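In my numbering, the protein residues as written are 303 to 996.
As structure tokens, the structure follows; a few thoughts come after it.
Dropping the structure here:
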């Protein structure tokens, strides 16, 4: 084929490509921008109202480059959530979906959206865990911060009101879990004493008793996280008690139903709920347009559509950019500021389509996001309200910008780490203590006593520590492994026989020699194992002496003063003291190191008297610990954050000492205060991995 023919073919192909592109451009320019909506659009709260307003404002100014926005509603109040989500996922004309409403639904749906690279933007799902589960993935975002910010806001308000002691009663729901998980942390940060913390089932007949137990601790404020009906029950119980404690509520209680149930008794009730930044003018404009004030989540819902529209505009300007990258470009813009109304959104859309990155703002305030994880905006505004004359009246509007806590700019409140000034052990100077007896042996006891699929992380953590010891040269007969061990065969496990601690990671269950499993894993068994008490039910026990370094690792649930076992037993503070005293009397260790990853972990060792103990735990006596490393494939948490952090530190620096490990873990763990307790006659400046070897 000669050059002339080749040139002709090239010209024809170029003409065809240009024609195809022109055809695509014409079709694209006349195609509406379809955005899915996966929330209840019927019921008490009308979220369709702010969505339609945002859509109309954009379309009235010319849409997105002349393309109107079309909202495709899937009313989750009337249909099956999963089925409706699949319909949107299967629709090739829809790349962005607003919703869902509940955090539970986010966990169910987000993995599919991430896998199929469609954006999910929720204005209401506020679980604190969501940013850790789906951060950095790029396909799940929300326009209201998680309830970690509301916890911080509540305690900040109470601190300002002169409170010294607070108690928490939270519904046993995904919503209530965030308040349970974070109230202890921020109580410590604000120097408030959390005197009682408990969860209850919605509508529980024992709620009066729960209130009575909380009031026995004489709090200044009882914080209740619940629906209106339970809030009314709690308020009546407080009033009957004669206690001077005041009740403080969160957004879930804000409803005319609460006032209807309580009548005059509702007067003076206080609480917080999300609202718009008053400086945006959204609240006033909404009242003028609709004749009533916006609901709590009206502004974030309006903003969800703005984010969807701006991302669609960015996709027009950058055809080969992924939706996730387009949304990142939108929210991390630092150019000319823009507003939320019709004119402001029009200016933002025009700038974005021109390849610019304006600093966008929404109805709820600036739309700035966590610069590493995404998902969460950096600030949400809250109304501090009080019931007066039978209505909720805003006392003040407060932003959740992170002040008074140890966190870097550009991080959401949900990634707050503990303040350095609150460390339990000050890492200064050098501990030159050397045990008087030479080490001749090393023994370990590893315990993962929680059963059931939901406790995957505890068994995975135990097996991870077991694997670390084996790889560090510890023979199996020097390790006693107590793990419930039902996860590998759990019906929910799609990978039968598998336990892993990082997504798509190696199966760490094969090769692990389990000494006690299932119903054998009890607090009584642990006590016998540690004290060397051989009986028929505990034939394998710790065989150690005065020259043996002993390591004990436990990952489980906890309560103040106890470590939970599946058998409903607790290994209590008294058990810990009695066992370690016995081990000391019987010369069963040279140095004894505990690493405990449970809620309220510090409380277990606070009465320890035996010398030679290092006790390292992920949570202070008054606070829960958090899970980490979410696996979207199996929809389960693979590790606890404290264990995940210390394992990473040990693997990256094999020379790290106990002192350094404590300091580094304290600085990295979010949502709890890592604690180290020592009882004297210990060397905290020895390398941890040197201790963890024969």
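Just so you know, even glycine gets a beta-carbon here, dropped at the ideal spot from N, CA and C.
Being a predicted model, the structure only gives us computed values, none of them experimental.
The beta carbons of residue 648 and residue 364 sit closer together than 8 Å. The straight-line gap separating the alpha-carbon atoms of residue 517 and residue 448 is approximately 28 Å.
Here the alpha carbon of residue 574 sits roughly 14 Å from the alpha carbon of residue 462. Comparing C-alpha distances from residue 578 to each of 571, 877 and 598 shows the shortest one belongs to 598. In the three-state DSSP reduction, residue 801 falls in the coil class, being neither helix nor strand. In this structure residue 555 is buried. Its beta-carbon is surrounded by 16 or more other beta-carbon atoms within 10 angstroms.
Look at the beta carbons and you see the stretch 913–923 touching the stretch 946–965: at least three pairs across the two are nearer than 8 Å.
Rounded to whole angstroms, the Cβ separation of residue 674 and residue 569 is 45 Å, and the two are not in contact under 8 Å. Between residue 909 and residue 875, the C-beta spacing is below 8 Å. The C-alpha of residue 855 is placed about 17 Å away from the C-alpha of residue 810.
Counting C-beta atoms within 10 angstroms of its own C-beta, residue 905 has 16 or more neighbours from the protein chains shown and is therefore classed as buried. Beta-bridge pairing by DSSP links residue 549 to 524. With respect to the C-alpha of residue 771, the residue from 762, 763 and 781 having the closest C-alpha is 781. Beta bridge pairing from DSSP links residue 748 with 783 and 855. Distance from the Cα of residue 721 is smallest, within the candidate group 975, 431, 411 and 660, for 975. Under the 8 Å Cβ criterion, the stretch 748–766 counts as touching the stretch 798–816, having at least three qualifying pairs.
No Cβ-Cβ contact shorter than 8 Å links residue 567 with residue 548.
Of 983, 987 and 991, the smallest CA-CA separation from residue 955 is found for 991. As a beta-bridge residue in DSSP terms, residue 694 pairs with 689. Residue nearest to residue 849 within the set 820, 740 and 507 is 740 (criterion: CA-CA distance). For residue 590, the uninterrupted alpha helix (DSSP H) segment begins and ends at 584–592. Here residue 502 is near residue 473, since their CB atoms are less than 8 Å apart.
In the displayed model, residue 718 falls within coil according to three-state DSSP, outside both helix and strand.
Residue 886 sits buried, since 16 or more C-beta atoms from the chains shown fall within 10 Å of its C-beta. Counting only unbroken stretches of 4 or more residues, the alpha helix (DSSP H) elements lying wholly within the stretch 590–637 are 600–619 and 625–633, in sequence order.
In the three-state reduction of the DSSP assignment, residue 471 falls in the strand class, which pools E and B. Per DSSP, residue 432 is one residue of the alpha helix (DSSP H) stretching across 432–436.
The residues 985, in chain order, have a CB closer than 7 Å to that of residue 736 in the same chain once the five nearest residues on each side in sequence are set aside.
Straight across, the Cα-Cα distance linking residue 467 with residue 900 is about 24 Å. DSSP lists 471 as the bridge partner or partners of residue 500. Within the DSSP secondary-structure output, residue 873 pairs in a beta bridge with 865. Across the set 626, 608, 619 and 638, the C-alpha of 608 shows the shortest separation from the C-alpha of residue 644.
Judged by beta-carbon spacing, residue 507 lies beyond the 8 Å limit of residue 530, meaning their Cβ atoms are not closer than that value. For a cut-off of 8 Å, the C-beta gap from residue 398 to residue 610 is around 4 Å, short enough to register as a contact.
When the Cα atoms are used, residue 716 and residue 428 turn out to be separated by approximately 11 Å. Given a length threshold of 3 residues, each whole run of the beta strand (DSSP E) inside the stretch 322–408 is given here in chain order: 335–339, 371–375 and 396–400.
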